[in-house]
Amino acid sequence: MLSSVYAPKDFKRLRVSGDLVARCFDYITPHIRAGISTGEIDRMVAEFLHANGARSSDLGYMGYPKHICTSVNDVIVHGIPNDNEILKDGDIVNVDLTAEYHGFHGDASRMFMIGNVSPRARELVQTCQDALNAAISICAPGVPLSEIGKTIEAVVKPHGFSISRDFVGHGIGKVMHDDPQIYHFYDKMWDKVKMVPGLVFTIEPMINTGSPKCKIDADGWTARTVDGGLSAQWEHTLGITEDGVIIFTEKMV
Ligand code: MF3
Ligand code: CO
Ligand code: CO
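Each residue of the sequence shown is one higher than the one before, counting from 522 in the numbering used here.
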């Protein structure tokens, strides 16, 4: 059932992979401004990973053509970086970066706000980050996986945003996508599955200003809101410890 359960020595490796992902974000962050293309962001990530002896987990995954996903405005997930897609004032963009280093994967995504962003878009981005952090804070051995979705709903609903149900978090470690699935909304099915020390997974809520529903572009990847509403996502890779949770995709100090 839970295949993504790892030993303490693997946690050390996962911590190093996650640190690399966080440092890659720091490397690209100053460049994510109006006028840059999402294709250029992809190239910067490719260069950073190469220079550090790592590789993109996305490239070639089920035929995926780029190193990262860049999801702008109404794109929920899996936007494909493109030299003709230039970021402009008022855009919100998610950069989702998964890297493999010495056999272990780290997966994280962050939102970037370009210039003057509308108050509602700002609220969306902040609420999504708050939901992720709240969900992380309840993670510990013995806690049902359903508490994650319950916690996210409690943060998101008062703002009137919807939660995407078409994409889930996932076990991760020696492979990018593994069991269990992590739902970002409450489902009693996950009451029965409890977190155990060694469990490694992502939480990656996607929340929308309008409809939770998505449609897929002709490219077979890009998932957008059906109504053109804005969408935000934040993601971390986490590990359950003996007494709580560790965030792997944060910089080591
Ligand atoms: N990083 C994504 C996730 O959070 C997976 C990317 S799918 C790919 O699970 F096709 F782009 F690789
Ligand atoms: Co990801
Ligand atoms: Co993920």
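Glycine residues also receive a C-beta, built at the ideal position from the N, C-alpha and C atoms.
Since this is a predicted model, take the numbers as computed values, not measurements.
Residue i Cβ short of 7 Å to ligand 3 heavy atom set
i      : result
His705 : no
Asp699 : no
Thr591 : no
His588 : no
Thr723 : yes
His626 : no
His691 : yes
Residue j beta carbon less than 8 Å from that of residue i
i      : j      : result
Ile597 : Arg745 : yes
Val696 : Leu523 : no
His705 : Pro726 : yes
Leu580 : Val721 : no
Ala620 : Ser578 : yes
Leu751 : Ala642 : yes
Leu666 : Val714 : yes
Pro602 : Asp563 : yes
Ile589 : Val614 : no
Val766 : Ala675 : no
Gly741 : Tyr707 : no
Gly584 : Ser592 : no
Tyr622 : Gly574 : yes
Gly627 : Thr770 : yes
Phe688 : Thr730 : no
Val526 : Gly690 : no
Glu756 : Ile724 : yes
Asp610 : Asn637 : yes
Residue i: CB within 7 Å of a non-hydrogen atom of ligand 1
i      : result
Glu756 : yes
Met727 : no
Asp579 : yes
Tyr585 : yes
Tyr582 : yes
His599 : yes
N-terminal and C-terminal residue of the alpha helix (DSSP H) that residue i is part of
i      : result
Val593 : First-last for Val593: 590-593, but that is the beta strand (DSSP E), not the alpha helix (DSSP H).
Asp547 : 529-549
Phe688 : Looking at the DSSP string, Phe688 is not in any alpha helix (DSSP H), and its letter there is neither H nor E.
Val676 : 667-677
Arg554 : Here Arg554 belongs to no alpha helix (DSSP H), and DSSP marks it neither H nor E.
Val721 : Looking at the DSSP string, Val721 is not in any alpha helix (DSSP H); the run it does join, the beta strand (DSSP E), is 721-724.
Leu570 : 559-572
Leu645 : 640-658
Ligand 2 heavy atom lying under 7 Å from the CB of residue i
i      : result
Asp617 : yes
Ser683 : no
Ser630 : yes
Beta bridge counterpart(s) of residue i as assigned by DSSP
i      : result
Asp699 : Gly692
Met634 : Ile613
His626 : Glu621
Lys715 : Pro665
His757 : Ile724
Asn729 : Ser683, Ser752
Ile737 : Ala744
Ser577 : Ala620
Ile768 : Leu759
Ile607 : Ser558
Span of the beta strand (DSSP E) around residue i
i      : result
Ala744 : 744-746
Val774 : Element bounds for Val774: n/a, residue is neither H nor E.
Val596 : 596-598
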